[in-house]
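*Asks:*
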Amino acid sequence: MTATIPDSFKFPDFYNFPPFFTIQPVLATREKQLGQWRELILRYHTDLKIKTLVLHECPLWKNPKIERELTGDEIRLVMDDFVTSGHGEWEDPQTRTRCRILWRKPEQLASDIYDWAVSNGYVNSVCTVFELHSGEDVNGMSFQGADEELLRRALGILESQGKCALFRGDTSSEDGIKFF
Amino acid sequence: SSYPYLRSPPSSSRFYFFMKWALQSPPPASRIFNHNIYILPTQYPMSHRRRGVGAARAGAKAYTKKAEEMNAVSLARAMETVEKLEVKLEGFAKTHKHEIQHDPAFRAKFLEMCAPLGVDPLSAEKGFWGNMLGIGEFYYELSVKVAEVCLASRSRNGGIIRVSEVKDILTQRGTKFKFADSKNKSSYSEEDIVTSVKKLSKLGSGFRTVEVGKSMMIVSVPEELDDDHMKVMDLAEENRCGAYGVVTVKGVTAELGWDHDRAKRALELLLGKGMAWLDAVGAEKYYWFPR
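Order-wise, the sequence lines are chains B and L.
Quick note, the first sequence lines up with residues 18 to 197 if you use this note's numbering.
Quick note, the second sequence lines up with residues 173 to 463 if you use this note's numbering.
Given below as structure tokens:
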């Protein structure tokens with residue numbers, strides 16, 4: 018059962034261009050097309066704050082207004098490209114039906130978090146994972162409301178860069194982060 | 173007498189009056205040169221007529237010499253008139269500087285007037301036209317913006333874009349020019365865009381305008397589009413579906429009378445250049461031309 022698209026979502030012009038729903042044979046044109054698909058998938062899921070793309074439930078593959086849709090093989094191609102670009106991860110790499118959408122790449126989140134920590138004076142002090150995604154100081158930041166799994170990934174990157182250290186708390190949300 | 177056009181509203185009649193006024197005082201000797209240049213023997217002294225054939229031949233030489241002299245004088249007179257016209261033109265431009273800079277229709281007519289006189293207000297960077305009117309600078313600015321739009325859209329349309337679309341994009345961007353009023357955003361016309369591309373192409377940049385059907389397009393890729401491709405694009409222009417042109421192999425063979433292979437070859441080439449995109453619906457193949 019496909020989800021319905023809320024009226025508030027603004028589709029880009031190329032969504033109503035029939036060839037958008039045929040994977041282009043000319044490689045240079047295909048590159049542009051796949052770029053457009055990546056952009057669409059990412060923006061749709063980020064704007065509507067949807068964390069997972071379930072292949073057969075995603076309403077993007079079909080545009081009834083112009084009577085065009087991607088075939089199963091074409092959907093696979095688009096998704097493989099999407100995952101390769103680093104914006105998504107398969108929850109089930111064997112069957113590849115559910116894809117976790119990384120609204121921001123872990124590397125981007127990592128640098129966002131560190132910048133925020135520096136400008137808010139968290140260097141050499143501690144804050145919790147919970148504060149990062151739901152605290153009062155994080156209004157408008159890219160990691161507000163982010164998946165904990167994603168945050169951990171970002172923090173892992175910062176750790177490997179030597180910019181923070183993680184401490185175990187009572188619950189996973191209470192894990193502490195010390196920024197350097 | 174005063175200049176009638178100064179008081180009348182902007183219109184093409186203004187130009188007519190200007191030309192009439194500028195040419196109103198022909199040089200006094202012009203009456204002679206309006207007619208046949210050759211002087212009749214009767215206008216020479218009677219002594220010529222009494223001589224024989226040899227004398228007539230010598231006379232003929234004298235006529236040719238005289239004819240050349242009069243040609244030269246005629247030319248000098250003509251050049252004097254042109255110089256006078258140029259001066260008048262400069263005066264006109266000074267008086268109507270504001271309209272020329274801000275009104276695209278007026279500007280177009282003004283350039284039309286300059287062309288037959290060999291005056292090109294756009295090329296002279298320094299000197300009278302460049303400093304006074306500065307419209308050379310205006311076209312330079314415009315051509316840079318047009319080039320930007322063309323290059324940015326190249327990945328979408330393969331390097332060919334309608335002039336009207338360029339204007340839409342620039343208007344949407346709210347692009348401001350040196351002479352653009354804040355109230356009159358579109359103080360440049362499609363004609364201006366075409367003129368600025370002509371300037372660009374003179375610089376050997378590979379930009380050029382091309383007519384496809386009823387639309388004027390700007391091509392920014394160096395590849396030559398040959399006749400076949402232009403015909404296909406013409407056809408696509410005529411068969412628009414919404415904002416996009418579309419054709420099929422069958423449509424091309426039917427409308428243009430080509431065989432299947434020729435039609436397919438042309439379409440495949442346009443696909444390859446990125447100017448057309450493929451739309452496969454079941455067994456049908458449509459070739460779309462993006463805006």
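Backbone N, C-alpha and C fix where the C-beta goes; we use that ideal spot for every residue, glycine too.
All values reported here derive from a predicted model rather than from experimental measurement.
Which residues bound the alpha helix (DSSP H) around L52 (chain B)?
*Replies:* Residue 52 (chain B) is actually Gly in this sequence, not Leu. From DSSP, the alpha helix (DSSP H) with G52 (chain B) extends over 44-64.
*Asks:* Can you tell me the Cα-Cα spacing of E337 (chain L) and A435 (chain L), whole angstroms?
*Replies:* Distance between the alpha carbons of E337 (chain L) and A435 (chain L) is about 28 Å.
*Asks:* Give the residues of chain B in contact with G444 (chain L), contact being defined as C-beta atoms less than 8 Å apart.
*Replies:* Neighbours of G444 (chain L) on chain B, chain order: V43.
*Asks:* So, for E108 (chain B): in the same chain, excluding its five sequence neighbours on each side, which residues have a beta-carbon less than 8 Å away from its beta-carbon?
*Replies:* Counting only Cβ-Cβ distances below 8 Å, and skipping sequence neighbours, we find T69, R115, C116, R117.
*Asks:* Look at the alpha carbon of V321 (chain L) and the alpha carbon of I341 (chain L), and state the distance between them as a whole number of angstroms.
*Replies:* Each residue's Cα considered, the two are about 8 Å apart.
*Asks:* Please specify which runs of the beta strand (DSSP E), each continuous and at least 3 residues long, are wholly inside the stretch 411-448 of chain L, giving them in chain order.
*Replies:* Entirely contained in the stretch 411-448 of chain L, the beta strand (DSSP E) runs reaching 3 residues are, in chain order, 416-419.
*Asks:* Please classify K374 (chain L): is it buried, with 16 or more other beta-carbons within 10 angstroms of its beta-carbon, or exposed?
*Replies:* Exposed, because fewer than 16 other Cβ atoms sit within 10 Å of the Cβ of K374 (chain L).
*Asks:* Going by beta carbon distance, what residues of the same chain come within less than 6 Å of L59 (chain B), once the five residues before and after it are set aside?
*Replies:* Counting only Cβ-Cβ distances below 6 Å, and skipping sequence neighbours, we find H104.
*Asks:* Check whether the Cβ of F28 (chain B) lies closer than 8 Å to any Cβ atom in chain L.
*Replies:* So no, F28 (chain B) is outside the interface.
*Asks:* Is any beta-carbon of chain L found at less than 8 Å from that of P81 (chain B)?
*Replies:* Not an interface residue.
*Asks:* Per DSSP, I194 (chain B) forms a beta bridge with which residues?
*Replies:* Answer is B:C144, B:L183.
*Asks:* Using alpha carbons as the reference points, say which of L:D275, L:L441, L:A324 lies closest to V404 (chain L).
*Replies:* Nearest C-alpha to V404 (chain L): L:L441.
*Asks:* Against chain L, with Cβ distances strictly below 8 Å, would F34 (chain B) count as a contact?
*Replies:* Yes, because at least one Cβ of chain L sits closer than 8 Å to the Cβ of F34 (chain B).
*Asks:* Taking the beta strand (DSSP E) that S387 (chain L) belongs to, which residues open and close that run?
*Replies:* Residues 387-391.
*Asks:* Pull the bridge partners of V382 (chain L) from the DSSP assignment, please.
*Replies:* Answer is L:M389, bridged to V382 (chain L).
*Asks:* If you reduce the DSSP assignment to three classes, tell me which class K357 (chain L) lands in.
*Replies:* Residue placement at K357 (chain L) cannot be trusted, given a pLDDT of 45 that sits under 50; the coordinates are not used to answer.
*Asks:* Within the stretch 264-294 of chain L, note down every full alpha helix (DSSP H) run reaching 4 residues or more, in order along the chain.
*Replies:* Qualifying alpha helix (DSSP H) stretches, in chain order: 269-274, 276-286.
*Asks:* Could you tell me the distance, in whole angstroms, from the CA atom of T63 (chain B) to the CA atom of F28 (chain B)?
*Replies:* Rounded to whole angstroms, T63 (chain B) to F28 (chain B) spans 14 Å at the Cα level.
*Asks:* On a CA-only basis, which of B:V140, B:N141, B:E166, B:A134 is nearest G152 (chain B)? Give me that one, please.
*Replies:* The candidate whose alpha carbon is nearest that of G152 (chain B) is B:A134.
*Asks:* Can you confirm whether the stretch 125-133 of chain B touches the stretch 184-193 of chain B when touching is taken to mean that 3 or more C-beta pairs between the two stretches lie within less than 8 Å?
*Replies:* Counting Cβ pairs under 8 Å, fewer than three are found: no touch.
*Asks:* Pick out whichever of B:K66, B:K195, B:L72 has its Cα sitting closest to the Cα of T19 (chain B).
*Replies:* It is B:L72 whose Cα lies nearest to the Cα of T19 (chain B).
*Asks:* Is there a Cβ of chain B sitting closer than 8 Å to that of S358 (chain L), yes or no?
*Replies:* Low confidence applies here, because S358 (chain L) scores a pLDDT of 48, under 50, leaving its location unreliable; read the following figure in that light. Chain B contact via Cβ: absent.
*Asks:* Along the stretch 318-343 of chain L, what residues have a CB closer than 9 Å to any CB found in chain B?
*Replies:* Cβ contacts with chain B come from S327, R328, G330.
*Asks:* Mind checking the stretch 391-417 of chain L against chain B and listing, in chain order, the residues whose C-beta falls within less than 7 Å of any C-beta there?
*Replies:* Answer set for the stretch 391-417 of chain L: Y416.
*Asks:* When you compare the CB positions of P276 (chain L) and Y360 (chain L), do they come within less than 8 Å of one another, or not?
*Replies:* Contact: yes.
*Asks:* List the endpoints of the continuous beta strand (DSSP E) containing C116 (chain B).
*Replies:* Counting along the chain, the beta strand (DSSP E) containing C116 (chain B) begins and ends at 115-118.
*Asks:* In the structure shown, what three-state DSSP assignment does R221 (chain L) receive?
*Replies:* Low confidence applies to R221 (chain L): its pLDDT is 46, below 50, so where it sits in the model is not reliable enough to give any reading.
*Asks:* Quick check on the DSSP output: the beta strand (DSSP E) that includes G105 (chain B) runs from which residue to which?
*Replies:* Per DSSP, G105 (chain B) belongs to the beta strand (DSSP E) from 105-107.
*Asks:* In the structure shown, what three-state DSSP assignment does C310 (chain L) receive?
*Replies:* This sequence places Phe at residue 310 (chain L); Cys is not what is there. DSSP places F310 (chain L) in helix when its eight states are reduced to three.
*Asks:* Roughly how many angstroms separate the alpha carbons of G89 (chain B) and Q41 (chain B), rounded to a whole number?
*Replies:* One C-alpha to the other measures close to 15 Å.
*Asks:* Would you mind telling me which residues of chain B sit closer than 7 Å to L450 (chain L), beta carbon to beta carbon, in chain order?
*Replies:* Under the 7 Å cutoff, chain B gives P36, T39, Q41, P42.
*Asks:* Checking contacts by CB at 8 Å: is L87 (chain B) closer than that to chain L?
*Replies:* Not an interface residue.
*Asks:* Among the residues of its own chain, which have a CB less than 7 Å from the CB of G446 (chain L), if the five just before and after it don't count?
*Replies:* Within the same chain, G446 (chain L) has close Cβ partners G330.
*Asks:* Tell me whether R467 (chain L) sits in a helix, a strand or coil according to DSSP, three-state version.
*Replies:* Outside the modelled stretch of chain L, which goes from 173 to 463, sits residue 467 (chain L), for which no answer is possible.
*Asks:* Excluding the 5 residues flanking R31 (chain B) on each side, which residues of the same chain have their C-beta closer than 7 Å to its C-beta?
*Replies:* Checking the displayed sequence, the identity of residue 31 (chain B) turns out to be Phe instead of Arg. F37, Q53.
*Asks:* Given I272 (chain L), which residues of its chain have a CB within under 7 Å of its CB, disregarding the five upstream and five downstream residues?
*Replies:* Only A265, F278, R279, F282, L305, I307 meet the Cβ criterion.
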